Amino acid sequence: MSQARVISIQSTVFKRNISTPLCDQRAPCASPAPPGIFNQTVEHRQMTLPTASLDQIFAALADPTRRAILGMLLEDDMAVTDVAGPFEMSLAAISKHLLVLANAGLIRQERRGRIIWCMLQPDGLRSASIWMQGFGQFDPVDLDDFERFLEAELESGDAAGLSASGDAEIG
Numbered sequence: 001m002s003q004a005r006v007i008s009i010q011s012t013v014f015k016r017n018i019s020t021p022l023c024d025q026r027a028p029c030a031s032p033a034p035p036g037i038f039n040q041t042v043e044h045r046q047m048t049l050p051t052a053s054l055d056q057i058f059a060a061l062a063d064p065t066r067r068a069i070l071g072m073l074l075e076d077d078m079a080v081t082d083v084a085g086p087f088e089m090s091l092a093a094i095s096k097h098l099l100v101l102a103n104a105g106l107i108r109q110e111r112r113g114r115i116i117w118c119m120l121q122p123d124g125l126r127s128a129s130i131w132m133q134g135f136g137q138f139d140p141v142d143l144d145d146f147e148r149f150l151e152a153e154l155e156s157g158d159a160a161g162l163s164a165s166g167d168a169e170i171g
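Counting from 1, position 106 in the sequence shown corresponds to residue 106 in UniProt numbering; the numbering is continuous, with no gaps.
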């Protein structure tokens, strides 16, 4: 990419004057940093610890690979290489998934000799569970019971002089 193109892109992104000297990243910059676009509410939102923790937990659980890893660790502690076995991805990719889970507090890793072991953290989902309990228990809908309820309502409606469509019968 040409130097003019780089300056053009940087001036657009940072909204700076093109005459501002560019700094070499390998050497300390003599000029002040260019003013960037700064959105206080988006980039530096102050979150309380429980909110940040919940966000990390749900972000970690959003990925099917990480949920599968948690399911595997429910059975027993596993070495990282054993965790990677069933997945068609590199060991580095699995390590990144494990790092996300560890940062969310869902697992912990421990080095034993040359092997890194992964263990499920039993209290890792506690805050998410407490948060979800605030919404109450949702019972699954039994469609057979619902159908029986509707039939009973329709029968009682017929007895009261209503047709199945809910219109009063003219007689």
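In this text, a Cβ means the ideal position worked out from N, Cα and C, and glycines have one as well. In this text the structure is predicted, and so the values were computed from the model without any measurement.
Just checking my contact of M119 with I107 at CB under 8 Å: how many whole Å lie between their CB atoms? 6 Å
Within the chosen definition, does the stretch 76-89 reach the stretch 147-157 through at least 3 CB pairs nearer than 8 Å? no
Around the C-beta of R66, are 16 or more other C-beta atoms found within 10 angstroms, so that it is buried, or is it exposed? R66 sits buried, since 16 or more C-beta atoms from the chains shown fall within 10 Å of its C-beta.
Length of the line joining the Cα atoms of S156 and D145: 17 Å
Buried or exposed by the 16-neighbour rule on C-beta atoms within 10 Å, applied to L74: exposed
W117 versus A102, G124, K96, D77, residue with shortest Cα-Cα distance: D77
So the alpha helix (DSSP H) Q109 belongs to, where does it begin and stop? Unbroken run through Q109 is the beta strand (DSSP E), 107-112; no alpha helix (DSSP H).
Backbone CA spacing between G71 and P64 [nearest angstrom]: Roughly 10 Å between the two C-alpha positions.
Just checking my contact of I57 with S127 at CB under 8 Å: how many whole Å lie between their CB atoms? 7 Å
Range of the contiguous beta strand (DSSP E) that encloses L120: 115-120
Nearest to G113 by alpha carbon, out of A62, R148, A79? A79
Coarse secondary structure for M78, derived from DSSP in three states: strand
Going by DSSP in three states, D144 sits in which element: helix, strand or coil? Three-state DSSP puts D144 in a helix.
Buried or exposed: which applies to A104, given that a residue is buried once 16 or more other Cβ atoms fall within 10 Å of its Cβ? buried
What is the rounded straight-line gap between the Cα of L54 and the Cα of P122? 16 Å
Is it true that the CB of A60 sits closer than 8 Å to the CB of L101? yes
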